[in-house]
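K.L.:
The structure under discussion is supplied below as structure tokens; questions concerning it will follow.
In this note's numbering, the protein residues as written are 916 to 1228.
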């Protein structure tokens, strides 16, 4: 009988080749797995830990308030009003001006754009003014003057649609001709750090060491076409039920004027150039550069983020 022989087997590679192949396979596996040296692994781990710690801190720094602001100190006084009495110097009661240092009866957008501002940020060339406050016969100017631009007053979905104020927009808020506290529900007087005193349309009695505060909110709904109107108010409106009315469909930032006067005590000593405390009113002439306001509305108001005077969180 014929003997069947098994097929010949391939000769085994030398030992050095087998070891070299195993080493190459190990290196490839390590590369695929993202191998790094011990020092690099430690550094990467530390970086990941730092990033993990920084993420919550950064999230906490973002305050969910739709706001940017300008700090504009007192500049000068004059019996001028370029909105109500344009081109008529001396036709108004005494006003205290803030921001644009050139404001007078002849001011317009062109003249204000060419002037300077004492605001922080200095890029805000807008002009703000109010009736001068008197303590007896002595004029008193505020030592704290903040102008907030806010999204509050409308629903969040409306805040996301707020548009920048157009350059040259003029707004008057409050009632200079009010005959009683019920003629004006917009302006309020209160006391710094003394909430127990409450607020009122008329002057309040602030305790010693405190300061008299004035708050005034401007309307934030624009008719979308007029930069001013005959009564300097009709082109603007306050929101209704958290939205802008159909007559004034364009939401813009709400300007809140906060002034702090270094006086306190018996409010019978105080008066405004326009009359009692309830005649408090404010005038605003927008001269923000378009790009600066657009950035602040986009980065602060629309996403509901609190920004400082530089327009950044």
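Ideal placement from N, C-alpha and C gives every residue a C-beta, glycine not left out.
Pull up the CB-CB distance for residue 1192 and residue 1116, whole angstroms please, since I reckon it's below 8 Å.
P.N.:
Their Cβ separation, rounded to whole angstroms, is 7 Å, which keeps residue 1192 and residue 1116 in contact under 8 Å.
K.L.:
Out of 1219, 1189, 1227, state which residue places its alpha-carbon closest to the alpha-carbon of residue 1091.
P.N.:
The shortest Cα separation from residue 1091 among 1219, 1189, 1227 belongs to 1189.
K.L.:
CA-CA distance, residue 1140 and residue 1170?
P.N.:
Going from the Cα of residue 1140 to the Cα of residue 1170 covers about 19 Å.
K.L.:
Can the beta-carbon of residue 1129 be found closer than 9 Å to that of residue 1063?
P.N.:
Their beta carbons are not under 9 Å apart, which means residue 1129 does not touch residue 1063 by this criterion.
K.L.:
Going by C-alpha to C-alpha distance, which of 1145, 1003, 1047, 983 sits closest to residue 1186?
P.N.:
Measuring from the Cα of residue 1186, the nearest candidate turns out to be 1047.
K.L.:
Just to confirm the assignment, what range does the beta strand (DSSP E) spanning residue 1197 have?
P.N.:
Segment 1196-1200, the beta strand (DSSP E) holding residue 1197.
K.L.:
Could you name each continuous beta strand (DSSP E) segment of 3 residues or more that falls completely within the region 1030-1103, going from the start of the chain to the end?
P.N.:
DSSP runs (the beta strand (DSSP E)) wholly in the region 1030-1103: 1042-1046, 1048-1050, 1053-1055, 1059-1065, 1085-1089.
K.L.:
Would you call the region 1033-1049 and the region 1192-1208 in contact, with 3 or more CB pairs under 8 Å?
P.N.:
Output reads yes: the region 1192-1208 touches the region 1033-1049.
K.L.:
DSSP three-state call for residue 1166: helix, strand or coil?
P.N.:
Three-state result, residue 1166: strand.
K.L.:
Considering only residues of the same chain and omitting the five flanking positions on each side of residue 1107, which have a CB-CB separation below 7 Å?
P.N.:
Answer for residue 1107: 1125, 1126, 1128, 1175, listed in chain order.
K.L.:
If you run the structure through DSSP and keep just helix, strand and coil, what is residue 1193?
P.N.:
It is helical.
K.L.:
Tell me, please, which residues DSSP counts as bridged to residue 1123.
P.N.:
According to DSSP, which records beta bridges pairwise, residue 1123 is partnered with nothing at all.
K.L.:
Going by DSSP, which residues form a beta bridge with residue 1014?
P.N.:
Looking at the DSSP assignment, residue 1014 forms a beta bridge with 1042.
K.L.:
Beta carbon of residue 1015, beta carbon of residue 1030: below 9 Å?
P.N.:
In this structure, residue 1030 lies closer than 9 Å to residue 1015 by Cβ.
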